[in-house]
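Numbering (our numbering), first residue to last: 7 to 389.
Backbone N, C-alpha and C fix where the C-beta goes; we use that ideal spot for every residue, glycine too.
As the structure is a prediction and not an experimental result, all values here were calculated from the model.
To start, the structure itself, in structure tokens.
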Amino acid sequence: MAQREMSQWLQETDHRRNPSSVHRPGQLARADLEAARRRIAAALGAEPMEVTLCSGGTEADALAVLGVCRAQRAKAGRAGLLTSPLEHAAVLQSARRLAHDGVAVRFVDVDQVGRIRPEAVAAALARWPDIGVVSLSAANHELGNRYDIPSFVAAAREVSPDVVMHTDAVQAWGKVPVDFAGWGVDALSVSAHKIGGPAGVGALVHRRDLELSPLFGGGAQERGRRPGTEAAVLIQGFAAAAGGVPERLEAAPAVRSLRDRLRDGLLALSRPSREIEVLGDVDEHVGNTVLARFEGCRGELVMMNLDLEGIAVSTGSACSVGRVEPSPVVLALGHPATAANSVVRFSLGPENQAHEIERVLAVLPPVLERVHRASMTDGGTRA
């Protein structure tokens, strides 16, 4: 849908028009952009003026975490950040930058399957009254855990009524209903490519009166919060994908069924001598991801061998590819580095079919046998 609408828009429109220009071509471009913004806002339960367009989820997270904390610090107010060790690198790297600048960064407790309790959020805010921003994801990017954001908001408001609540909903949108107004958060990050849109565009949805410091200087686009000429064609694709979210939600039960079959099939392949463990919360899950630990096998070797079979998987979040290091999410669950180096993430979508799951389960045993031998030859990765 998104690709078709983008192609049609390019055929019918002069894409060189600048929506910031005051001449007629510019104003026509502005009208298209604002129409797209309205579609995106409607899909998220927000008002158009609450949508700040940007380059994707990473920038949206950075704008929320860095932008709000810096704005608070500039006013000499509370500038501390509360987050979790399970968050996407976009949040954790922003947190590290804040810590480097002298901002207090705190972490809420998580359990061995990655659950976060609302009472743990409340306890952290009571313990550290300097916290001005809470940033917790609506769905984990590796485990697939789903989190009850409204319960976090309610627990936080009981202790700290003015704290700014941000959620990274990049992994949740299109798999579970996302409702900015209904959730009660102050800011929410999304990305187009996670709902079938183009990469390179996303949004931070936020209260209109939320104070944000721009990440960089430039023009007055996006009400001064995100400088730079808007990527008009990508935004059209974003809007088209947002309009297709209801169909993705309708397909979610079928995707969950495939995910359950894959999870059960992987566990059935487990042996005492070479355990396969599926990580994460079994009950609260967005239903499209399986993060599996293959004892005695290096995750990157499993990934490469499956790739040779035409099966695309990853060793964690795709944003971390190119770096052979333990998964921070798995480490945060209390597993040793050897276990964190032995995980593979399987991600499913509406386009996947049952026969593909069966092929994965058929291909895996010989792949694991080869990788196990290679891993032992290289010194082993037994957990």
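Of the other Cβ atoms in all chains shown, fewer than 16 fall within 10 Å of the Cβ of Pro278; this residue is therefore exposed.
Annotation: the continuous beta strand (DSSP E) that includes Ala298 extends over Thr295 to Phe300. Contact between the stretch 174-183 and the stretch 89-108 is present: three or more C-beta pairs spanning the two stretches fall below 8 angstroms. A direct Cα-to-Cα measurement between Ala132 and Ala145 gives close to 25 angstroms. Of the candidates Arg23, Ala47 and Ile155, the residue whose Cα lies closest to the Cα of Pro124 is Ile155. Beta-bridge partners assigned by DSSP to Val239: none are found.
It is roughly 6 angstroms from the alpha-carbon of Ile363 to the alpha-carbon of Leu268. Counting along the chain, Leu59 sits inside the beta strand (DSSP E) bounded by residues Val57 to Cys60. Judged by beta-carbon spacing, Ala110 lies within the 8 angstroms limit of Asp136, meaning their Cβ atoms are closer than that value. CA-CA distance, Gly271 to Val292, rounds to 19 angstroms. Annotation: the continuous beta strand (DSSP E) that includes Ile282 extends over Ile282 to Leu285. By the criterion of a C-beta distance shorter than 7 angstroms, Arg79 is surrounded in its chain by Ala85 and Val109, once the five residues flanking it on both sides are discounted. If you ignore the 5 residues before and after Arg280, its C-beta comes within less than 8 angstroms of the C-beta of Phe300, Glu301, Gly302, Cys303, Leu374 and His378, all in its own chain and listed in chain order. Of the residues assessed, Gln33 falls on the exposed side of the cut-off, its CB having fewer than 16 other CB atoms within 10 angstroms. In this structure His29 is exposed. Its beta-carbon is surrounded by fewer than 16 other beta-carbon atoms within 10 angstroms. Between the alpha carbons of Met310 and Val207 lies a gap of roughly 29 angstroms. In the structure shown, Ala360 falls within a helical segment according to DSSP collapsed to helix, strand and coil. Under the three-state reduction of DSSP, Val184 is assigned to coil, being neither helix nor strand.
The alpha-carbon separation between Ala35 and Leu218 amounts to approximately 26 angstroms. Distance from the CA of Asp313 to the CA of Leu149, rounded to the nearest whole angstrom, comes to 21 angstroms. A residue is called buried when at least 16 other Cβ atoms come within 10 angstroms of its Cβ; Asp67 meets this threshold and is buried.
For Ala198, the three-state secondary structure derived from DSSP is helix. Bridge partners of Thr89 according to DSSP: Phe113. One alpha carbon belongs to Asn24, the other to Ala37, and they sit about 11 angstroms apart. With a 10 Å radius around the Cβ and a threshold of 16 neighbouring Cβ atoms, Phe222 comes out exposed.
Counting other Cβ atoms within 10 Å of its Cβ, Arg43 reaches 16 or more and is therefore classed as buried. Beta-bridge partners assigned by DSSP to Trp179: Val182. Beta-bridge partners assigned by DSSP to Arg231: none are found. Following the DSSP letters along the chain, one finds Arg351 inside the beta strand (DSSP E) bounded by residues Val349 to Ser353. In the three-state reduction of the DSSP assignment, Arg133 falls in the helix class, which pools H, G and I. A direct Cα-Cα distance of roughly 47 angstroms separates Leu339 from Ser26. Closest by C-alpha distance to Leu275, out of Leu255, Leu59, Leu69 and Pro372, is Pro372.
In the assembly as shown, Val116 is a buried residue. Its beta-carbon has 16 or more other beta-carbons within 10 Å. Residue pairing of Asn151 in beta bridges, as defined by DSSP: His291. DSSP places Ala209 inside the beta strand (DSSP E), whose first and last residues are Gly208 to His212. In the structure shown, Gly203 falls within a coil segment according to DSSP collapsed to helix, strand and coil.
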